[in-house]
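**Q** For the sequence shown, this note's numbering assigns the number 9 to the initial residue and increments by one for each residue that follows.
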Amino acid sequence: MIWCSGWELASAVSNAGGLGLIGSGSMTPDILREHICKCKAATSKPFGVNIPLLYPNADEFIKIVIEEKVPIVFTSAGNPGKWTSHLKQQGIKVVHVIANVKFAKKCEEVGVDAIVAEGFEAGGHNGREETTTMVLIPMIREAVSIPLIAAGGIATGMGMLAAMALGAEGVQIGSRFAASEESSGHINFKQKIIASLDGDTQLTLKKVVPVRMIKNKFYFEVEQKENEGASPEQLKELLGHGRSRKGMFEGDMDEGELEIGQVSGLIKEIKPAAKIVEEIMNEFNKAKEELLKIKI
């Protein structure tokens with residue numbers, strides 16, 4: 009959700025009854041603090057900040073969320089043991105994002121409050137194991153006892169119900185909100201999302217950091233380089249700097265990196281975040297009622 013989930017989207021989701029998250033991965037420390045302050049002013053409800061631990065500014069981001077008294081932090085892309093204890097000592101709830109059983113167990117060992125188990129369908133940075141959400145969630149549920157949040161390929165109430173049937177207590181939804189009115193993504197990117205069909209996204213850059221993106225001119229350049237046996241260094245050179253900003257924030261649909269999940273094929277309209285939350289809950293309740301009618 010880098011370049012998409014700033015204070016406007018986070019506060020709108022929280023005001024609608026969800027837990028809005030500010031995605032710090034595309035921010036500088038000063039910008040993160042600004043978004044936190046604006047989010048506080050826009051909602052009286054809890055919200056959180058996602059901090060990728062491998063990013064250069066992670067340590068400073070941790071300091072900022074503590075100073076600004078952010079109630080919940082989602083950590084990702086790194087060792088869950090690095091900051092969990094320190095954040096919890098400050099009264100902050102900690103949730104860590106994982107993609108395999110090994111790190112789920114590690115999260116439980118270091119005392120995180122909950123985990124997000126993200127399946128292969130998810131957009132953006134992804135697990136190398138390529139385990140789908142439907143397989144991953146019951147495996148994680150069997151391995152740990154802490155609260156489990158499912159992510160990857162969930163954009164509807166039916167998907168939410170399915171995740172809970174597999175053992176999750178909640179869901180994390182990204183792609184559907186990337187195409188919301190409050191998303192800070194460029195309108196060109198939002199239009200690209202709602203025009204996507206099944207098969208229009210692909211996991212790539214596995215030699216560097218696996219990332220799911222929409223197939224565009226840049227994607228096919230990466231694919232060609234990979235087919236030619238390019239080294240990680242050559243792929244990093246092609247990736248360069250600012251590719252995701254160019255695509256998702258500035259709207260260059262050819263040369264930019266367009267990160268989105270497989271579930272983009274189900275997203276057909278740009279809507280307010282509150283309407284999306286409402287629709288998901290209505291779909292969830294309706295699907296649950298329909299299942300109760302089934303006689304086995």
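Note that CB positions come from ideal geometry on N, CA and C, so glycine has one too.
Kindly confirm or deny that the segment 277 to 286 and the segment 183 to 192 touch, where touching means at least three C-beta pairs closer than 8 angstroms.
**A** In short, these stretches touch, since the Cβ pair count reaches three.
**Q** What does DSSP give as the partner residues of T209 in its beta bridges?
**A** Paired residues: I222.
**Q** Residue range of the alpha helix (DSSP H) that H104 falls in?
**A** From DSSP, H104 is part of no alpha helix (DSSP H) but of the beta strand (DSSP E) over 101 to 106.
**Q** Is it the case that the Cβ atoms of E177 and L156 are separated by a distance below 9 angstroms?
**A** In contact: E177 and L156 (Cβ atoms closer than 9 angstroms).
**Q** Could you tell me which uninterrupted beta strand (DSSP E) segments, each at least 3 residues in length, are contained entirely in the segment 46 to 73, listed from first to last along the chain?
**A** For the segment 46 to 73, whole beta strand (DSSP E) runs of length 3 or above, ordered along the chain, are 55 to 60.
**Q** Indicate the three-state DSSP secondary structure (helix, strand or coil) for S183 in the structure shown.
**A** Three-state result, S183: helix.
**Q** Measure the alpha-carbon distance for E68 versus K301 and round it to whole angstroms.
**A** Between E68 and K301, the C-alpha separation is close to 52 angstroms.
**Q** Over what stretch of residues does the alpha helix (DSSP H) that includes T92 continue unbroken?
**A** It spans 92 to 97 - the alpha helix (DSSP H) in which T92 sits, taken as one unbroken run.
**Q** Tell me the rounded alpha-carbon separation between E150 and C47.
**A** If you take the alpha carbons of E150 and C47, they lie about 36 angstroms apart.
**Q** Whole alpha helix (DSSP H) runs in the segment 151 to 183 with 4 or more residues, listed along the chain?
**A** Whole alpha helix (DSSP H) segments, 4+ residues: 165 to 173.
**Q** Exposed or buried, what is E16 when buried is set at 16 or more other beta-carbons lying within 10 Å of its beta-carbon?
**A** Label assigned to E16: buried.
**Q** Could you tell me the alpha carbon to alpha carbon distance between G86 and I304, rounded to whole angstroms?
**A** Spanning the two alpha carbons is a distance of roughly 45 angstroms.
**Q** What span of residues does the alpha helix (DSSP H) with S84 cover, start to end?
**A** S84 -> not in any alpha helix (DSSP H); beta strand (DSSP E) instead, spanning 80 to 84.
**Q** Consult DSSP for I275 and reduce its assignment to one of helix, strand or coil.
**A** Coil at I275, not helix or strand.
**Q** May I have the straight-line CA-CA distance separating A35 from A66, to the nearest angstrom?
**A** The residue you asked about is not Ala; residue 35 is Met in the sequence shown. Taking the straight line joining both Cα atoms gives about 11 angstroms.
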